[in-house]
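Take a look at the structure below.
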Amino acid sequence: MYDILIAVLLILSAVLIVSIMIQPSKQDSAASAFTGGGDELFERRKARGFEAVMQRFTGVMIGLWLLVGFALVVLSTR
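Residue numbering for the sequence shown follows this note's numbering, beginning at 12 and increasing consecutively.
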């Protein structure tokens, strides 16, 4: 059981890295890097389409990764 959870954790880690890397960028221009994005400070943009799907998918993967990690901790203490 421990070995299976280690394999699942490694697979989830790789999927999580890929899902974070393919998310769309929040910056619209290079100028926002110098200004700190202050013009969008109070603007709330709701994620739509691909961006919303990727945010939910990443959130679910983080939750699964944490659950598997906690299960590994519990199994390793026994």
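The beta-carbon is built from N, C-alpha and C at its ideal position, and this holds for glycine as well.
Check	Outcome
Proximity winner among 22, 18, 63, 17, relative to residue 34 (alpha-carbon distances)	63
Rounded Cβ spacing between residue 16 and residue 75 (contact assumed at less than 8 angstroms)	In fact, because the Cβ distance is near 11 angstroms, the residues do not count as touching under 8 angstroms.
Cut-off 8 angstroms between Cβ atoms - residues of its own chain near residue 104, not counting five sequence neighbours on either side	Missing from the structure shown is residue 104; the chain here goes from 12 to 89 and no further.
Where residue 12 falls: helix, strand or coil (DSSP)	coil
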